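Peer 1: So in this note's numbering the end of the sequence shown lands on 386, straight run, no missing numbers. Ideal placement from N, C-alpha and C gives every residue a C-beta, glycine not left out. Predicted, not measured: the structure shown is a model, and the values here were computed from it. Submitted below is the structure of interest, expressed as structure tokens.
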Amino acid sequence: MVFRLLAGLALAAVLEGQSLHGLYWMIPAPGSEKEARLDLSVLKSNPYLTGVLMSARWKELEPAREKYDFSALDRGIAAVREGGKQYKLAIVPGMDSPKYIYAAGAERFPAKVINPNRPNYGEKGSIPVPWDPVYQKHFSRLIRKLGERYGSDPLLVSVTLTCANFMSPEMHLPRTAQDMEIWRKLGLTSDRLLAVYEKYMDEWAASFPGRFVCLHMSPSVLFADCTADEFACRIAQYAMEYHPGKFALQRDTLMGRREMEVRPTDPMFKYKDGLLIGYQSLSAFVYPQRQGSIEMSALNFVRARAQYWELWQGDGRDTGTCSKVATAMEEARKLGYEKYKQKLIAAGLFRTPEQDTWEGLQQEMKAGKDAKKATKQ
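Printed below as a string of structure tokens:
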């Protein structure tokens with residue numbers, strides 16, 4: 010109890026200097042001045058955005074060993090600065106790791122994109138084995154270089170805890186039955202992967218002092234001895250003990266098709282009183298069958314006492330959508346979860362799990378069951 014109180018006080022102290030709240034627009038680092046100008050026009054014209062989550066691929070930042078190209082990040086950050094916003098950084102390794110690390114001896118894990126919702130569906134590639142020393146040496150050097158260049162920027166509010174990734178900043182790893190067999194042969198255990206996360210929590214925090222380090226949680230890290238929730242809790246406990254007030258938890262699955270399930274073991278709810286909590290939309294609101302309604306999304310947002318919400322590229326670009334999201338989010342916060350829920354019920358806007366008819370739901374559930382079955386074998 011005392012530790013939790015101290016963590017909360019430390020969080021409040023950090024928040025006084027660095028505020029991570031509101032709506033953030035998910036964008037890649039602009040590849041050209043034209044793209045940067047387009048981003049700037051959105052940032053200047055959209056008063057509902059607090060800032061951006063800017064992502065960059067490792068292979069584009071460092072295409073060859075110690076040959077850095079930070080021009081895309083510099084363009085994007087210049088647009089953020091001129092637009093009067095904040096930014097968050099997400100650097101993606103995984104399938105976006107540079108080829109030179111494999112030539113240098115880093116161990117590969119064969120990977121294939123099996124998510125049909127991704128534009129590169131079916132693509133084959135590799136990710137580095139997270140505990141491989143060659144991979145870690147080069148990725149750690151990149152983090153230090155990024156910290157030297159951007160770590161003192163007052164507009165930077167958080168960095169993403171990337172280190173064991175597949176196709177995105179989320180803590181995904183390939184997890185088909187065939188993948189799990191390969192992981193077993195490579196010696197994957199929760200303890201071994203936890204050591205990787207602890208190492209990189211330390212390194213991101215050291216390179217970016219005074220900034221939040223954010224974990225994009227995912228249910229697809231599976232172990233025979235540890236559930237995904239338990240594993241994320243172990244990361245959170247380490248961060249709270251050694252980096253109090255600097256850690257944030259995020260899920261990239263906020264949606265409004267129904268009231269989202271609350272598990273007692275879910276770190277989002279377990280630590281909502283002591284850690285900064287954030288969400289990213291599951292999809293764009295232009296796809297309501299998958300994402301659902303703005304109002305139900307806001308209900309799920311406020312239920313977790315979340316502080317910030319990341320919007321997909323099309324939603325963040327549209328001022329009208331941002332206005333509706335900001336209005337719903339503020340109303341839900343003012344009324345509180347229970348009163349806002351009753352308002353939605355009275356207006357006929359509340360949706361039960363039985364009303365969730367998204368056709369991909371059954372596919373997701375089957376994929377999850379297959380992965381758990383493979384883990385137990």
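Is the beta carbon of Arg260 closer than 9 angstroms to that of Met305?
Peer 2: Against a cut-off of 9 angstroms, the Cβ pair of Arg260 and Met305 comes out as no contact.
Peer 1: Leaving out the 5 sequence neighbours to the left and right, which residues in its chain are closer than 7 angstroms to Ala307 when beta-carbon positions are compared?
Peer 2: Contacts found: Ala337, Met338 and Ala341.
Peer 1: For Trp67 and Asp162, what's the separation of their Cα atoms in angstroms?
Peer 2: Between Trp67 and Asp162, the C-alpha separation is close to 20 angstroms.
Peer 1: Pairs of beta-carbons, one from the segment 115-135 and one from the segment 73-92, closer than 8 angstroms: are there three or more?
Peer 2: Touching, no.
Peer 1: So, under 8 angstroms CB-CB, Leu52 and Lys94 are touching, yes? Tell me the CB distance rounded to an integer number of Å.
Peer 2: Confirmed, about 5 angstroms.
Peer 1: Within 10 Å of its beta-carbon, does Asn55 have 16 or more other beta-carbons around it, so buried, or fewer, so exposed?
Peer 2: Classification for Asn55: buried.
Peer 1: Just how far apart, CA to CA, sit Lys211 and Ile354?
Peer 2: Strictly speaking, residue 211 in this sequence is Asp, with Lys absent from that position. Going by the C-alpha atoms only, they are around 45 angstroms apart.
Peer 1: According to DSSP, which residues form a beta bridge with Cys223?
Peer 2: Cys223 is bridged to Thr169 and Ala257.
Peer 1: At what residues does the alpha helix (DSSP H) containing Trp415 begin and finish?
Peer 2: Here the chain has residues from 10 to 386 only, and residue 415 is not among them.
Peer 1: State whether the segment 66-80 contacts the segment 184-202, with contact taken as three or more CB pairs (one from each stretch) at a distance under 8 angstroms.
Peer 2: They do not touch, by the three-pair rule.
Peer 1: Residues in its own chain within less than 7 angstroms of Ser199 by CB, not counting five upstream and five downstream?
Peer 2: Cβ within range, chain order: Phe232, Asp234, Cys235 and Phe240.
Peer 1: Does Glu207 get closer than 9 angstroms to chain D when you measure Cβ to Cβ?
Peer 2: In summary, chain D is missing from the structure at hand, where a single protein chain is found.
Peer 1: Below 8 angstroms on the Cβ atoms is my contact criterion, and I expect Phe310 with Ile303 to pass it. Report the Cβ-Cβ distance as a whole number of Å.
Peer 2: No, Phe310 and Ile303 are not in contact; Cβ-Cβ is about 10 angstroms, not under 8 angstroms.
Peer 1: Roughly how many angstroms separate the alpha carbons of Ser50 and His30, rounded to a whole number?
Peer 2: Roughly 22 angstroms separates the two Cα atoms.
Peer 1: Measure the Cβ-Cβ separation of Met176 and Met226 and say whether it is below 9 angstroms.
Peer 2: No, the Cβ-Cβ distance between Met176 and Met226 is not below 9 angstroms.
Peer 1: Taking the alpha carbon of Leu70 as the reference point, which residue from Ala356, Lys43, Lys154 and Pro128 has its own alpha carbon closest?
Peer 2: Of the candidates Ala356, Lys43, Lys154 and Pro128, the one whose C-alpha sits nearest the C-alpha of Leu70 is Lys154.
Peer 1: Quick check: the Cα distance between Val166 and Phe221, rounded to an integer number of angstroms?
Peer 2: Cα-Cα distance, rounded: 6 angstroms.
Peer 1: Just to confirm, is the Cβ distance from Gly60 to Leu164 under 9 angstroms?
Peer 2: Cβ atoms of Gly60 and Leu164: closer than 9 angstroms.
Peer 1: Under three-state DSSP, which class holds Leu82?
Peer 2: Leu82 falls in the helix class under three-state DSSP.
Peer 1: Can you name the start and end residues of the beta strand (DSSP E) that Ser64 belongs to?
Peer 2: Looking at the DSSP string, the run of the beta strand (DSSP E) that includes Ser64 is Leu58 to Arg66.
Peer 1: Please say whether Gly131 and Ala120 have beta carbons closer to each other than 9 angstroms?
Peer 2: Contact flag unset, no.
Peer 1: Hey, could you find the ends of the alpha helix (DSSP H) Lys352 is sitting in?
Peer 2: It spans Tyr346 to Ala355 - the alpha helix (DSSP H) in which Lys352 sits, taken as one unbroken run.
Peer 1: Taking its Cβ as the centre, do 16 or more other Cβ atoms sit within 10 Å of Tyr251, making it buried, or is it exposed?
Peer 2: When all chains shown are included, Tyr251 counts as exposed.
Peer 1: With a CB to CB cut of under 6 angstroms and the five nearest residues on each side skipped, what residues in its chain are close to Ala19?
Peer 2: Reliability fails at Ala19, whose pLDDT of 40 lies under 50, so the model's placement of it is uncertain and no value is given.
Peer 1: Could I get the ranges of all uninterrupted beta strand (DSSP E) runs contained in the segment 296-320, with 3 residues as the minimum, in chain order?
Peer 2: Here the runs fully enclosed are 317-320.
Peer 1: Could you have a look at Lys281 and say whether DSSP puts it in helix, strand or coil?
Peer 2: Correct three-state label for Lys281: coil.
Peer 1: Determine whether the beta carbon atoms of Gln298 and Thr361 lie at a separation below 9 angstroms.
Peer 2: No, the pair does not count as a contact, with Cβ atoms beyond the cut-off.
Peer 1: If we ignore side chains and look at the alpha-carbon of each, how far apart do Val143 and Ser106 end up?
Peer 2: Approximately 12 angstroms, taken between the alpha carbons.
Peer 1: Between Gln289 and Leu263, which are expected to be in contact by the criterion C-beta below 8 angstroms, what is the C-beta distance as a whole number of angstroms?
Peer 2: That pair is a contact at about 6 angstroms.
Peer 1: Measuring CB to CB, does Leu202 end up less than 9 angstroms from Ala173?
Peer 2: Going by C-beta atoms, Leu202 is nearer than 9 angstroms to Ala173.
Peer 1: What does the alpha-carbon distance come out to for the pair Leu344 and Gln351?
Peer 2: So the two alpha carbons sit approximately 10 angstroms from each other.
Peer 1: In three-state DSSP terms, what is Gly265?
Peer 2: Looking at Gly265 - three-state DSSP - the assignment turns out to be strand.
Peer 1: Only counting the same chain, and skipping five residues up and downstream in sequence, which positions put a Cβ closer than 6 angstroms to that of Pro228?
Peer 2: Here the set comprises Ala237.
Peer 1: In terms of DSSP beta bridges, what is Met35 paired with?
Peer 2: The partner list for Met35 (beta bridge, DSSP) reads Leu62.
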